[in-house]
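Visitor: The structure is given below, and queries will be raised subsequently.
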Amino acid sequence: MPAATKKSATAEKLLQAAVGAVPGGASRPGQEAMVAAIDKAIRDREHLLVQAGTGTGKSLAYLTPSLLVDGPVVVSTATLALQNQLVEHDLPRLAAAVEPVLGRKPTFAVLKGRHHYLCVAKMEHADEEEPTDTLFDDAPPKATQWLGEAGRLGKQIQRLQAWAEKTTTGDRDELDPGVDDTAWRQVSMPARDCVGAQRCPYGPECFAEASRARAREADIVVTNHSLLAVDMLAERHIVPPHKLLIIDEAHELADRVSSASQAELTPDAIERSSRRARTLIPPAVAESLAEAADALTVGLAETPAGRITSGLPELLQQAVTLIESATRAGLTAIGDVKGDDPDPVRKQQAKAALDDLNDTAQRLLEESDFDVAWVEKSDTGSGRRALVVAPLSVAGTLAQGLYSDRTVVATSATLTLGGRFDTVARSLGLPTAAATPSADPQSPASGDGWTSLDVGSPFDYPRQGILYVAAHLPRPQMSGLPAAAGEELVKLVEALGGRTLGLFSSRRAATQAAELLRARTDLPILLQGEESLPVLVRRFKEDKASCLFGVMSLWQGVDVPGDACQLVVIDRLPFPRPDEPLAAARAAAVDASGGSGFSSVSVPIAAVRLAQGVGRLIRSTGDKGVVAVLDSRLETARGYGAFLRKSLPPFWYTTRPDVALGALQRLSGK
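This is the structure we're talking about:
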């Protein structure tokens with residue numbers, strides 16, 4: 007950017023230009039405060055946590071000051087959907103609006119994982135893939151169905167081949183209509199399988215490499231938490247060097263880094279690796295891989311699902327030892343991948359698959375105190391079985407890898423828990439031991455190298471919504487929907503006449519609720535799992551008499567502004583289940599150190615989930631409604647009940663059923 011333009015352009019002017027380009031648009035106090043805080047953080051090179059409630063306009067608030075930073079600014083989002091929202095809508099409008107102020111039109115690019123792009127090398131051999139490597143691993147039992155699936159796969163690959171001739175980006179999201187994951191795997195290349203542009207005969211034509219080149223030249227690079235985590239953990243230098251990193255939906259980052267750090271062993275993965283490598287390894291090594299897969303199958307069958315607390319059981323120990331030995335022998339036989347190999351791509355794929363298994367086996371055999379291991383089994387008993395390992399905490403990883411040589415701004419609508427930033431700051435690896443104490447709970451929290459700000463929300467929560475806690479109900483005990491809670495649910499839904507989003511702690515509870523309402527009312531009841539989620543949400547928006555019931559993915563993924571959703575019902579506080587291995591292990595570690603695992607781990611998890619669920623009600627300044635929590639502990643539990651309430655928007659609060667029912671009846675027009 008020219009020096010003269012730098013002096014004349016300010017973050018405030020850019021924001022004014024951006025909101026002025028929207029008919030009737032105007033900046034909001036919270037948005038202005040966020041812009042000023044980010045601008046200051048950039049100048050002071052200090053990390054910043056910003057809580058910005060729904061409706062603040064936080065995308066513009068972090069994008070406008072970013073345009074004054076030299077070199078690329080990286081924006082990381084929680085989901086591909088939000089990533090696309092920024093790239094397809096927010097950034098094009100912003101770029102056009104600020105061009106007169108900047109004297110030029112800022113540029114932007116999207117950066118996704120390599121597997122999101124068409125691989126030219128893989129495309130050349132898409133119709134040569136052996137069935138045992140893809141579709142027929144889980145072949146349907148009936149031959150006619152098996153052939154039908156094969157024919158459908160072939161048609162999808164033909165369509166992909168036609169698309170490959172005309173696409174300029176190779177981005178899967180541009181393929182309309184899309185293809186299923188089985189077909190896409192035939193033409194895409196995971197990062198670990200890639201030989202690199204220098205050794206690949208199709209390197210100059212690589213779509214993934216082209217996307218990285220565009221990112222290096224852009225002012226704003228939009229990526230996602232998963233790719234950011236992989237880039238940080240593997241030091242792959244996918245994300246271009248940058249001075250400012252914006253983390254949107256920052257409350258999800260630690261979980262995404264945990265997922266990227268997680269690894270597993272399954273018999274299917276060993277068998278697939280053996281098939282990929284069979285032309286590159288001696289028969290004896292292939293046989294040892296088969297024996298290792300069999301041993302793991304037996305070990306998983308004999309070990310109950312759940313966390314492994316005192317070392318690997320004997321059968322699993324033997325299986326993992328065999329896996330480590332067999333994969334090491336396979337890697338030795340394959341050797342290094344060289345540019346003059348007849349087929350470097352296939353050789354790299356075989357080596358990468360064995361390398362992943364070997365690393366995971368070694369990690370499990372080390373039995374580090376910093377890792378958690380567990381056995382996963384599908385509910386059916388005959389489906390997926392896996393031995394999984396994940397880090398006990400990623401705070402140290404984030405502390406070392408996230409903050410050096412760049413300013414980090416982390417933002418979300420749910421960064422304060424119990425009214426404080428400390429818990430989220432610790433999860434993100436920021437130092438809190440030296441956090442600045444304050445007698446005023448509303449004052450910003452800060453620590454070594456970071457500060458925080460809560461800009462509030464443009465919504466008038468006490469006037470727009472009621473938080474009703476059914477304190478008279480018995481404390482929930484068994485899983486599923488208790489009878490008393492079911493009766494309360496019927497009264498609430500009937501008072502409003504539909505328009506209800508039901509967020510349940512288990513699929514069993516959601517199903518019981520749907521069956522109860524279908525039996526007791528004539529309202530259309532939509533149940534997650536009976537149709538695709540986008541279809542259900544569309545029907546819920548279109549039919550004001552309908553109710554939509556579901557589980558955890560609905561707690562964050564539904565945005566229904568207006569009067570189509572005026573009642574949000576939560577059946578119980580969303581504490582992690584005792585069989586969630588990572589949460590249980592983290593709580594146990596805190597208990598062992600003399601603290602309270604429940605308070606330090608389970609309560610913060612519930613607070614984030616509850617805040618996300620409650621946040622489904624008010625999505626615009628005109629929304630009105632009731633959040634009903636059918637778990638009396640939110641009112642009666644000493645300590646954590648108040649903490650959870652402080653983590654929620656400041657709705658008008660009541661425990662009186664008649665108040666909630668009266669409000670719903672008025673909303674219904676009865």
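The opening position of the sequence shown corresponds to residue 7 in my numbering, with each subsequent residue numbered one higher.
We put the beta carbon where it would ideally sit given N, CA and C, even for glycine.
To the nearest angstrom, how far is the alpha carbon of residue 380 from that of residue 513?
Guide: What you label residue 380 is simply residue 374 of the sequence shown in a count that begins at 1. What you label residue 513 is simply residue 507 of the sequence shown in a count that begins at 1. Between residue 380 and residue 513, the C-alpha separation is close to 23 Å.
Visitor: Report the rounded CA-to-CA distance for residue 119 versus residue 231, giving the unit in angstroms.
Guide: In the sequence shown, counting from the first residue as 1, residue 119 sits at position 113. In the sequence shown, counting from the first residue as 1, residue 231 sits at position 225. Approximately 11 Å between the Cα atoms of the pair.
Visitor: Counting only the same chain and skipping the five closest in sequence on each side, list residues whose C-beta sits under 7 Å from that of residue 668.
Guide: As a first step, residue 668 must be located in the sequence shown, where it is residue number 662. Within the same chain, residue 668 has no close Cβ partners at all.
Visitor: Given this structure, state the Cα-to-Cα distance separating residue 555 from residue 578, to the nearest angstrom.
Guide: In the sequence shown, counting from the first residue as 1, residue 555 sits at position 549. In the sequence shown, counting from the first residue as 1, residue 578 sits at position 572. One C-alpha to the other measures close to 14 Å.
Visitor: Please name the residue in 403, 161, 544 whose C-alpha comes closest to that of residue 552.
Guide: Translated into the one-based positions of the sequence shown, residue 552 becomes position 546. Ranking 403, 161, 544 by Cα distance to residue 552 puts 544 first.
Visitor: Does the distance from the CB of residue 559 to the CB of residue 617 come in under 8 Å?
Guide: Working through the sequence shown from its first residue, we reach residue 559 at position 553. Working through the sequence shown from its first residue, we reach residue 617 at position 611. Going by C-beta atoms, residue 559 is not nearer than 8 Å to residue 617.
Visitor: Assess, as a yes-or-no matter, whether the segment 316–328 is touched by the segment 360–380 under the definition of 3 or more beta carbon pairs within less than 8 Å.
Guide: yes
Visitor: Taking just the CA atoms, how far does residue 330 sit from residue 259?
Guide: By one-based count along the sequence shown, residue 259 stands at place 253. By one-based count along the sequence shown, residue 330 stands at place 324. Those two C-alpha atoms are separated by around 31 Å.
Visitor: So does the segment 238–256 actually touch the segment 72–92, counting three or more Cβ pairs closer than 8 Å?
Guide: yes
Visitor: Can you check DSSP and say which residues form a bridge with residue 396?
Guide: Indexing the sequence shown from 1 puts residue 396 at position 390. Paired residues: 378.
Visitor: Can you tell me the Cα-Cα spacing of residue 54 and residue 414, whole angstroms?
Guide: As a working mapping, residue 54 is identified with position 48 in the sequence shown. As a working mapping, residue 414 is identified with position 408 in the sequence shown. Looking at the two C-alpha atoms, the distance is approximately 6 Å.
Visitor: Please state whether the Cβ-Cβ distance between residue 633 and residue 473 is less than 8 Å.
Guide: Taking the sequence shown and counting its residues from 1, one reaches residue 633 at position 627. Taking the sequence shown and counting its residues from 1, one reaches residue 473 at position 467. In contact: residue 633 and residue 473 (Cβ atoms closer than 8 Å).
Visitor: Is the distance from the Cβ of residue 519 to the Cβ of residue 546 below 8 Å?
Guide: For the purposes of this step, residue 519 is identified with residue 513 of the sequence shown, where counting begins at 1. For the purposes of this step, residue 546 is identified with residue 540 of the sequence shown, where counting begins at 1. No.
Visitor: Evaluate the contact criterion for the segment 108–116 versus the segment 279–289: three or more CB pairs, one atom per stretch, below 8 Å.
Guide: no
Visitor: Inspect the beta-carbon positions of residue 106 and residue 216 and report whether they are closer than 8 Å.
Guide: For the purposes of this step, residue 106 is taken as the residue at position 100 of the sequence shown. For the purposes of this step, residue 216 is taken as the residue at position 210 of the sequence shown. Contact flag unset, no.
Visitor: So residue 630 and residue 572 are in contact, right, with Cβ under 8 Å, and what is the actual spacing, rounded?
Guide: In the sequence shown, the residue the question calls residue 630 occupies position 624. In the sequence shown, the residue the question calls residue 572 occupies position 566. With a Cβ gap of about 7 Å, residue 630 and residue 572 count as contacting.
Visitor: Please list the terminal residues of the continuous alpha helix (DSSP H) segment that includes residue 613.
Guide: Translated into the one-based positions of the sequence shown, residue 613 becomes position 607. Run containing residue 613: 609–620, per the alpha helix (DSSP H) assignment.
Visitor: Under three-state DSSP, which class holds residue 177?
Guide: Your numbering for residue 177 matches position 171 in the sequence shown. Note: residue 177 maps to strand in three-state DSSP.
Visitor: If contact is defined by three or more beta carbon pairs under 8 Å, each pair taking one atom from either stretch, is the segment 458–472 in contact with the segment 48–68?
Guide: yes
Visitor: Quick one: residues in its chain with C-beta nearer than 6 Å to the C-beta of residue 203, no 5 flanking neighbours on either side, listed in chain order?
Guide: Residue mapping note: residue 203 aligns to position 197 of the sequence shown, counting from 1. Cβ within range, chain order: 209, 212, 215.
Visitor: Identify the residues that DSSP records as bridge partners of residue 270: which are they?
Guide: Position 264 of the sequence shown, counted from the start, is the residue given in the question as residue 270. 394.
Visitor: Is residue 195 a contact residue of the ligand ADP, with contact defined as CB to any heavy atom under 7 Å?
Guide: For the structure depicted, the ligand ADP is absent and the ligand set is empty, with no information on it obtainable.
Visitor: Leaving out five residues before and five after residue 468 in sequence, what residues of the same chain have Cβ atoms less than 8 Å from its Cβ?
Guide: As a position in the sequence shown, residue 468 is number 462, starting the count at 1. The answer, listed in chain order, is 656, 657, 658.
Visitor: How far does the alpha helix (DSSP H) with residue 366 in it extend, from its first residue to its last?
Guide: As a working note, residue 366 is residue 360 in the sequence shown. Element bounds for residue 366: 350–372.
Visitor: Apart from the five residues on each side of it in sequence, which residues of its chain come closer than 6 Å, Cβ to Cβ, to residue 303?
Guide: In the sequence shown, counting from the first residue as 1, residue 303 sits at position 297. Result list for residue 303: 273, in chain order.
Visitor: Under three-state DSSP, which class holds residue 555?
Guide: The sequence position of residue 555 within the sequence shown is 549, counting from 1. The answer is strand: DSSP assigns residue 555 an E or B state.
Visitor: Helix, strand or coil for residue 167? Go by DSSP, reduced to three states.
Guide: To locate residue 167, count along the sequence shown from 1; it is residue 161. Looking at residue 167 - three-state DSSP - the assignment turns out to be helix.
Visitor: Tell me which same chain residues have a C-beta within less than 8 Å of the C-beta of residue 47, skipping the five on either side of it?
Guide: On the sequence shown, position 41 is the one that residue 47 refers to. So the list reads 53, 54, 413, 415, 457, once near-sequence residues are dropped.
Visitor: How big is the Cα-Cα spacing for residue 205 and residue 346?
Guide: Taking the sequence shown and counting its residues from 1, one reaches residue 205 at position 199. Taking the sequence shown and counting its residues from 1, one reaches residue 346 at position 340. So the two alpha carbons sit approximately 8 Å from each other.
Visitor: Just to confirm the assignment, what range does the alpha helix (DSSP H) spanning residue 44 have?
Guide: Here residue 44 refers to the residue found at position 38 of the sequence shown. Taken as a continuous stretch (DSSP letters only), the alpha helix (DSSP H) holding residue 44 covers 35–50.
Visitor: What does a CB cutoff of less than 8 Å around residue 647 pick up in its chain, not counting 5 residues either side in sequence?
Guide: Along the sequence shown, read from residue 1 onward, the residue named residue 647 stands at position 641. Answer for residue 647: 639, 640, 641, listed in chain order.
Visitor: For residue 134, which of helix, strand or coil comes out of DSSP?
Guide: The residue you call residue 134 lines up with position 128 of the sequence shown. Only weak support exists for where residue 134 lies, its pLDDT of 47 falling under 50; the coordinates are left without a value.
Visitor: When you compare only the Cα positions, how much space is there between residue 650 and residue 402?
Guide: Within the sequence shown, the letter at position 644 stands for residue 650. Within the sequence shown, the letter at position 396 stands for residue 402. Cα to Cα, the separation comes out at about 26 Å.
Visitor: CA-CA distance, residue 550 and residue 166?
Guide: Looking up residue 550 in the sequence shown gives position 544. Looking up residue 166 in the sequence shown gives position 160. Distance between the alpha carbons of residue 550 and residue 166: 40 Å.
Visitor: On the three-state DSSP scale, how would you describe residue 453?
Guide: In the sequence shown, counting from the first residue as 1, residue 453 sits at position 447. Three-state result, residue 453: strand.
Visitor: How many Å lie between residue 430 and residue 562 at the Cα?
Guide: Walking along the sequence shown from the start, residue 430 turns up at place 424. Walking along the sequence shown from the start, residue 562 turns up at place 556. Residue 430 and residue 562: Cα-Cα distance of roughly 18 Å.
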